[in-house]
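One structure is given here, and the rest of the page talks about it.
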Amino acid sequence: SDVYKRQGINAEYGGCWLCGMAIRASNRHSPLSCRALSKSISMLLAVIALASLVVGAEPGARNRLAVAVPFHSSQVQAKLIPGLRRWAQEEFFPCDHPPTGGREAALVFVYAGHSEDDLVGDGVTLKQALEGLAFELKPVTERCFLGGIHFMQADVPPEHDHYADAPCVVFQDMLQQLRGKGDYDHVFQMETDVLPVRQFWLDALLDEAQVNTGCKRFWQLGSMAHCQPLQGQMDQRFDVHINGNSLWCLNDPGLWDYIDRVKAFYPAGDHSGVAGCGTSQFAETGVDHALYRFRRDPANWEYVQSIFHKFQYTEVILNKCEDSYSLANIRTKHADTFLVHSKAPFLPEGIVFARELVAEIFNRWPQHHEQQRLAALVDAGRWGKDQLAAYLCESEEHVRLIQSKNPSPTCQQLCDSSPGLFPQYDKVCALSLLKKQWLDWEPDKAYVWTTDLHSGPMACNVPVLNEAGALVHGE
Numbered sequence: 010s011d012v013y014k015r016q017g018i019n020a021e022y023g024g025c026w027l028c029g030m031a032i033r034a035s036n037r038h039s040p041l042s043c044r045a046l047s048k049s050i051s052m053l054l055a056v057i058a059l060a061s062l063v064v065g066a067e068p069g070a071r072n073r074l075a076v077a078v079p080f081h082s083s084q085v086q087a088k089l090i091p092g093l094r095r096w097a098q099e100e101f102f103p104c105d106h107p108p109t110g111g112r113e114a115a116l117v118f119v120y121a122g123h124s125e126d127d128l129v130g131d132g133v134t135l136k137q138a139l140e141g142l143a144f145e146l147k148p149v150t151e152r153c154f155l156g157g158i159h160f161m162q163a164d165v166p167p168e169h170d171h172y173a174d175a176p177c178v179v180f181q182d183m184l185q186q187l188r189g190k191g192d193y194d195h196v197f198q199m200e201t202d203v204l205p206v207r208q209f210w211l212d213a214l215l216d217e218a219q220v221n222t223g224c225k226r227f228w229q230l231g232s233m234a235h236c237q238p239l240q241g242q243m244d245q246r247f248d249v250h251i252n253g254n255s256l257w258c259l260n261d262p263g264l265w266d267y268i269d270r271v272k273a274f275y276p277a278g279d280h281s282g283v284a285g286c287g288t289s290q291f292a293e294t295g296v297d298h299a300l301y302r303f304r305r306d307p308a309n310w311e312y313v314q315s316i317f318h319k320f321q322y323t324e325v326i327l328n329k330c331e332d333s334y335s336l337a338n339i340r341t342k343h344a345d346t347f348l349v350h351s352k353a354p355f356l357p358e359g360i361v362f363a364r365e366l367v368a369e370i371f372n373r374w375p376q377h378h379e380q381q382r383l384a385a386l387v388d389a390g391r392w393g394k395d396q397l398a399a400y401l402c403e404s405e406e407h408v409r410l411i412q413s414k415n416p417s418p419t420c421q422q423l424c425d426s427s428p429g430l431f432p433q434y435d436k437v438c439a440l441s442l443l444k445k446q447w448l449d450w451e452p453d454k455a456y457v458w459t460t461d462l463h464s465g466p467m468a469c470n471v472p473v474l475n476e477a478g479a480l481v482h483g484e
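In terms of the numbering used here, the sequence shown opens at residue 10 and continues consecutively.
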């Protein structure tokens with residue numbers, strides 16, 4: 010009945026929403042049963058089916074997706090295993106029903122190392138850890154990943170085995186290997202800090218791939234940054250690159266031509282020893298930055314006109330960078346989001362607090378040494394978030410903001426709610442002290458403060474203010 014009401018349909022038209030819509034569309038106002046419309050409904054469904062063939066996948070078209078999870082041995086116990094265990098929970102389960110109709114997904118672990126030799130715990134090899142994880146996920150994989158579980162070894166030369174190079178090498182090698190196998194049409198790169206925020210996320214990815222047969226719509230489908238802009242000054246640089254945790258279409262030679270052009274345009278340099286891995290500009294190390302900046306460079310204008318539409322934005326996955334997020338807020342504000350990329354869930358609590366508070370109070374991103382020093386105060390169990398905030402509010406940097414008449418709202422709120430946290434309360438919480446004094450004097454009246462070059466304007470308004478019940482006094 011709620012659906013009927015939202016659509017303006019009278020419930021007496023029958024217990025079928027589609028019938029109600031058909032009645033409404035035909036402007037019929039007399040009660041009509043669903044049975045009388047059965048032939049029309051059958052015809053309508055046939056038209057819908059025909060339309061789906063036109064705008065969606067081709068009849069009998071295959072849709073084979075690889076969910077590729079690249080990882081480092083240091084991430085196995087801290088990120089990989091906890092993250093994938095979430096998939097078995099009902100609220101994060103990947104699929105509603107086993108994929109059918111040519112749709113198939115496989116889970117591919119991508120690792121640069123030796124699974125039988127590398128240790129990821131106390132005497133536990135990587136191979137043993139993954140076998141144990143696969144056993145735990147058996148209810149998930151047998152239902153949703155009918156293409157099986159596979160292990161892919163990425164080749165990372167020793168000279169590139171560091172943060173600036175290795176992720177790019179692994180990404181490029183992963184795409185090439187998956188393309189070379191010929192077993193997949195699309196690959197979704199799902200790093201260990203990409204987590205589901207609602208169930209049936211694999212179905213959502215397969216749906217996106219289903220309407221992209223032959224890469225007709227996109228080469229890359231992903232998210233721009235939905236984060237605070239202070240880290241990397243994204244707003245000032247107008248950085249709307251699509252994060253690499255995206256859905257990639259493998260079967261268009263044009264994508265590989267594009268990647269080769271990017272490598273030639275952005276050769277190896279001081280920022281990275283790998284061609285196509287960044288631009289040498291501030292905060293732009295990474296293959297996704299290079300892919301984005303290439304198509305924004307004026308030198309590539311003529312070529313880019315024909316391929317710019319191949320890089321598309323979506324909210325199926327949301328890139329939150331390193332920001333904290335609330336599961337409830339994501340579900341409320343982003344109804345189409347199934348996956349979120351963010352490092353925050355895996356960062357130490359002290360690091361998260363330090364970053365958030367420095368950004369809130371000083372409107373800047375903390376320096377690395379500053380971040381580590383502040384985090385240590387929390388991680389040692391000495392302080393919580395409010396204590397760390399009070400410490401920053403009493404710093405010389407914030408005192409200067411107070412003197413410049415620009416105190417932090419975060420500090421003012423904390424002064425109001427927890428005055429006992431401030432040894433220098435009179436100095437740091439002057440506004441809160443004034444509020445308290447006023448409430449002690451006139452608790453039932455709002456406090457309004459005004460300033461002028463002389464008393465004339467206020468004097469003119471005193472009668473009106475008095476009539477309104479105000480008290481006027483000089484300070």
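Built from N, CA and C at the ideal position, the CB exists for glycine as well. For clarity, every value in this text was computed on a predicted model and none was experimentally measured.
Apart from sequence neighbours up to five positions away, the residues of its chain that approach E331 with a beta-carbon distance below 8 angstroms are C236, Q240, S351, K352, A353, L356, R364, ordered along the chain. Counting only residues of its own chain and dropping the five nearest sequence neighbours on each side, Y312 has no CB closer than 6 angstroms to any other CB.
In the DSSP assignment, C469 falls within the alpha helix (DSSP H) that extends over 465–476. Taken atom to atom, the span from the alpha-carbon of G92 to that of P205 is near 9 angstroms. Around the CB of Q86, fewer than 16 other CB atoms lie within 10 Å, so the residue is classed as exposed. DSSP places Y434 inside the alpha helix (DSSP H), whose first and last residues are 434–437. From the listed residues T150, M199, G110, the smallest Cα separation to Y120 is found for M199.
A distance below 7 angstroms separates the beta carbons of S232 and L327. Scanning the stretch 126–192 from its first residue to its last, the whole alpha helix (DSSP H) runs of 4-plus residues come out as 135–145, 147–153, 175–190. Less than 7 angstroms divides the Cβ of V196 from the Cβ of L187.
Boundaries of the beta strand (DSSP E) around R73: 72–80. Between A173 and T288, the gap from beta carbon to beta carbon reaches 7 angstroms or more.
A check of alpha carbon separations from L383 across N475, L397, K342 identifies L397 as the nearest.
By the beta-carbon neighbour count (other beta carbons within 10 angstroms, threshold 16), Y322 is exposed.
Exclusion of the five residues before and after L423 leaves D395, A398, A399, C402, L430 as the residues of its chain whose Cβ lies within less than 7 angstroms of its Cβ. Judged by DSSP in its simplified three-state form, Y322 adopts strand. In the displayed model, C424 falls within a helix according to three-state DSSP. Of the other Cβ atoms in all chains shown, 16 or more fall within 10 Å of the Cβ of R302; this residue is therefore buried.
Runs of alpha helix (DSSP H) with 4 or more residues, each lying fully within the stretch 287–331, are found at 296–305, 310–313, listed in chain order. In the pairwise beta carbon analysis, the stretch 277–284 is classified as not touching the stretch 238–254: fewer than three pairs are separated by under 8 angstroms. Linking C177 to V437 through their CA atoms gives a straight-line distance of about 48 angstroms.
Taken through DSSP and simplified to helix, strand or coil, Y267 comes out as helix.
In chain order, D194, G223, C224 place their CB closer than 7 angstroms to the CB of N260, counting only its own chain and leaving out the 5 sequence neighbours on each side. In this structure, DSSP gives R94 a helical state, which the three-state scheme calls helix.
Per DSSP, the beta-bridge partners of F197 are V76, L256.
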